[in-house]
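*Asks:* Next up is a structure, given as structure tokens.
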Amino acid sequence: MIEQTEITLQARPRGFHLVTDEVLAGAPDLADVEAGLLHLWIRHTSASLTVNENASPDVRRDFESWANDAVREDASYWTHTLEGPDDMPAHIKASLMGPSLTLPVSGGSLALGTWQGIYLCEHRDDGGARGLVATLMS
Amino acid sequence: MIEQTEITLQARPRGFHLVTDEVLAGAPDLADVEAGLLHLWIRHTSASLTVNENASPDVRRDFESWANDAVREDASYWTHTLEGPDDMPAHIKASLMGPSLTLPVSGGSLALGTWQGIYLCEHRDDGGARGLVATLMS
Amino acid sequence: MIEQTEITLQARPRGFHLVTDEVLAGAPDLADVEAGLLHLWIRHTSASLTVNENASPDVRRDFESWANDAVREDASYWTHTLEGPDDMPAHIKASLMGPSLTLPVSGGSLALGTWQGIYLCEHRDDGGARGLVATLMS
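Keeping their order, the protein sequence lines are chains A, B and C.
According to the numbering used here, the residues represented by the first sequence are 669 to 806, in order.
According to the numbering used here, the residues represented by the second sequence are 669 to 806, in order.
According to the numbering used here, the residues represented by the third sequence are 669 to 806, in order.
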């Protein structure tokens with residue numbers, strides 16, 4: 669069985685944000701799913717999705733620091749500069765983290781580890797609301 | 669329902685290439701799919717797949733510049749050097765971008781955002797044609 | 669059809685490890701699958717999964733060298749330092765390589781390329797055994 673919904677995540681500042689609850693509120697209902705997969709797709713090229721530690725805000729802050737160091741706004745080789753200094757680094761960061769997640773579902777809920785949560789990685793200074801497509805296969 | 673095809677992408681020079689149309693031409697037909705997932709797998713360890721901005725060639729050029737800066741051919745720590753200076757960096761870049769994409773299908777076509785396109789990331793100087801496996805679940 | 673199993677990978681030292689055989693031994697049986705997808709999920713935020721070259725141990729050693737260079741333990745910006753110098757870099761590396769793989773299955777086995785194998789990327793000094801969820805859709 670396949671169910672599909674669209675989710676709009678509220679606008680957030682640049683950085684890494686824990687959005688597990690907001691995603692689950694908009695995704696197809698998992699309660700009756702014995703075993704399956706929940707696929708999430710972000711319909712943007714300057715924001716991304718990953719799963720990481722769900723407890724400490726300093727982990728998410730350190731993700732942002734590392735990303736800014738690994739993909740520098742002041743790198744001399746950028747040629748796509750028309751949309752501002754945060755734009756081209758946002759494209760790179762988006763592909764590094766990736767545009768989608770495929771999450772296991774088991775016994776009516778996500779089969780994540782204890783410390784795992786879903787991150788929205790907002791790579792633009794002013795990215796606005798972000799649209800996802802959620803597809804449940806069960 | 670599951671359909672599977674093999675796709676051969678023509679040889680391309682090292683760099684990031686927009687291949688959405690070539691992929692769709694070889695993938696299972698999406699026209700009758702109300703909701704589903706299209707999975708793409710690249711059968712190589714020195715080329716990869718990602719989704720990013722589909723309009724400006726300079727974005728794809730900047731991807732190549734960043735990748736060459738982040739994974740340097742002249743790094744002192746490489747030990748796997750037998751296959752040339754572009755080989756080991758190609759393996760790293762391939763895992764950074766990833767070997768597969770799982771794309772949402774909705775109403776008979778890919779449910780991508782307006783600016784999203786499929787990239788073949790060719791990390792070798794002379795990688796040759798690249799083989800994909802496309803699997804449609806609907 | 670959907671089948672799901674849990675796999676426990678034995679503890680390994682920090683580094684990149686070829687685990688194709690250990691994963692297949694614990695995953696749902698692929699022998700009767702004409703076409704499908706095998707999804708693997710790692711239930712941790714400091715270890716990850718990727719696919720890369722399955723022949724040369726020096727490739728896997730070079731992955732570890734690059735990762736340690738790209739995500740430095742001595743970076744000045746880490747604030748999440750309570751769990752040791754290898755912890756925060758492990759979180760970043762885990763998201764770079766990614767928490768899951770979706771692998772094509774064809775004619776009763778994984779439809780990987782000749783040189784592709786599954787890596788467990790162990791980013792902690794002492795990560796212990798690692799748990800996976802394997803989901804087969806066929």
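From the three backbone atoms N, C-alpha and C, an ideal C-beta is built for every residue, glycine too.
Pick from B:THR803, B:THR747, B:TYR787: whose alpha carbon is nearest that of A:HIS713?
*Replies:* Per the sequence shown, residue 713 of chain A should be read as Thr rather than His. Nearest of B:THR803, B:THR747, B:TYR787 to A:THR713, Cα basis: B:TYR787.
*Asks:* Can you pull the chain C neighbours of A:GLU721, defined as C-beta to C-beta under 7 Å?
*Replies:* Chain C residues near A:GLU721: THR713, HIS759.
*Asks:* Of all the residues that make up the region 719–747 of chain B, which are near chain C by a beta-carbon distance shorter than 8 Å?
*Replies:* Cβ contacts with chain C: ALA738, VAL739, ALA743, TYR745, TRP746, THR747.
*Asks:* Exposed or buried, what is B:LEU750 when buried is set at 16 or more other beta-carbons lying within 10 Å of its beta-carbon?
*Replies:* So B:LEU750 counts as exposed.
*Asks:* Is there contact here, the region 674–686 of chain C with the region 783–803 of chain C, by at least three beta-carbon pairs under 8 Å?
*Replies:* Touching, yes, given that three or more Cβ pairs across the two stretches are closer than 8 Å.
*Asks:* State yes or no: is the beta carbon of B:SER768 nearer than 8 Å to at least one beta carbon in chain C?
*Replies:* For B:SER768, the answer is yes, since a Cβ of chain C falls inside 8 Å of its Cβ.
*Asks:* Starting from A:HIS707 and walking both ways along the beta strand (DSSP E), at which residues does that stretch end?
*Replies:* From DSSP, the beta strand (DSSP E) with A:HIS707 extends over 703–710.
*Asks:* For B:LEU771, does the three-state DSSP call read helix, strand or coil?
*Replies:* In the structure shown, B:LEU771 sits in a strand (DSSP, three-state: E or B).
*Asks:* Would C:TYR762 be called buried (16 or more neighbouring beta carbons within 10 Å of its own) or exposed?
*Replies:* The amino acid at residue 762 of chain C is misidentified as Tyr; the sequence shows Ala. C:ALA762 is buried by the Cβ-count criterion.
*Asks:* Less than 6 Å between C-beta atoms, sequence neighbours within five positions excluded: which residues of the same chain meet that for C:ALA779?
*Replies:* Same-chain partners within the cutoff: PRO772.
*Asks:* List, in chain order, every chain A residue whose beta-carbon is nearer than 7 Å to that of C:SER763.
*Replies:* Those within 7 Å of C:SER763 in chain A are THR718, ASN720, MET765.
*Asks:* What would DSSP say about A:GLY683, mapped onto helix, strand or coil?
*Replies:* Strand, per DSSP.
*Asks:* Step through the CB atoms of chain C and report whether any lies within less than 8 Å of the CB of A:GLN784.
*Replies:* So, interface residue.
*Asks:* Does any C-beta atom of chain A lie closer than 8 Å to the C-beta of C:ILE675?
*Replies:* No, C:ILE675 lies away from the interface with chain A (no Cβ there is under 8 Å from its Cβ).
*Asks:* Distance, Cα to Cα, A:GLY776 vs A:ASP700?
*Replies:* Their backbone Cα atoms lie some 5 Å apart in a straight line.
*Asks:* For a contact meaning CB atoms closer than 7 Å, what does B:GLY704 contact in chain A?
*Replies:* Simply ILE670.
*Asks:* To the nearest whole angstrom, what separates the beta carbons of C:TRP746 and A:ASP730, a pair I think is in contact under 8 Å?
*Replies:* Contact holds; Cβ gap of about 6 Å.
*Asks:* Does B:SER777 have its Cβ less than 8 Å from a Cβ in chain A?
*Replies:* It does not: the Cβ of B:SER777 has no partner Cβ on chain A nearer than 8 Å.
*Asks:* Quick check: what's the CA-CA separation for C:HIS759 versus A:ALA693?
*Replies:* So the alpha carbons of these two residues sit roughly 26 Å apart.
*Asks:* Identify whether B:LEU780 lies in helix, strand or coil by the three-state DSSP scheme.
*Replies:* DSSP places B:LEU780 in coil when its eight states are reduced to three.
*Asks:* If you reduce the DSSP assignment to three classes, tell me which class C:THR749 lands in.
*Replies:* In this structure, C:THR749 counts as coil in the three-state DSSP scheme.
*Asks:* Is it right to say A:MET669 is buried, meaning 16 or more other beta carbons lie within 10 angstroms of its own, or is it exposed?
*Replies:* When all chains shown are included, A:MET669 counts as exposed.
*Asks:* With C:ARG728 and C:LEU686 assumed to form a contact (beta carbons below 8 Å), what rounded beta-carbon distance in angstroms separates them?
*Replies:* Going by Cβ atoms, the distance from C:ARG728 to C:LEU686 rounds to 7 Å, so yes, they are a contact pair.
*Asks:* Residue range of the alpha helix (DSSP H) that B:LEU764 falls in?
*Replies:* Counting along the chain, the alpha helix (DSSP H) containing B:LEU764 begins and ends at 755–765.
*Asks:* Report the CB separation of C:VAL801 from A:SER768 in whole angstroms; it is logged as a contact under 8 Å.
*Replies:* That belief does not hold up - the Cβ atoms of C:VAL801 and A:SER768 are roughly 17 Å apart, past 8 Å.
*Asks:* Given that a residue counts as buried once 16 or more other Cβ atoms are within 10 Å of its Cβ, and exposed if not, what is C:ALA797?
*Replies:* Flag for C:ALA797 reads exposed.
*Asks:* Closest by CA to B:ALA695, which one among B:ILE675, B:LEU705, B:GLU721, B:ARG711?
*Replies:* Cα-wise, what sits closest to B:ALA695 is B:ILE675.
*Asks:* Between B:THR803 and C:ASP726, what straight-line distance do the alpha-carbon atoms span, to the nearest angstrom?
*Replies:* Their Cα atoms are separated by approximately 32 Å.
*Asks:* Kindly indicate the opening and closing residues of the alpha helix (DSSP H) around C:GLU732.
*Replies:* That run of the alpha helix (DSSP H) goes 725–738.
*Asks:* Measure the alpha-carbon distance for C:THR770 versus A:THR673 and round it to whole angstroms.
*Replies:* Between C:THR770 and A:THR673, the C-alpha separation is close to 21 Å.
*Asks:* Helix or strand or just coil, what does DSSP make of A:THR713?
*Replies:* A:THR713: coil per DSSP, three-state reduction.
*Asks:* When the distance is taken between beta carbons, is A:LEU708 closer than 8 Å to A:VAL719?
*Replies:* No, these two residues do not count as a Cβ contact at 8 Å.
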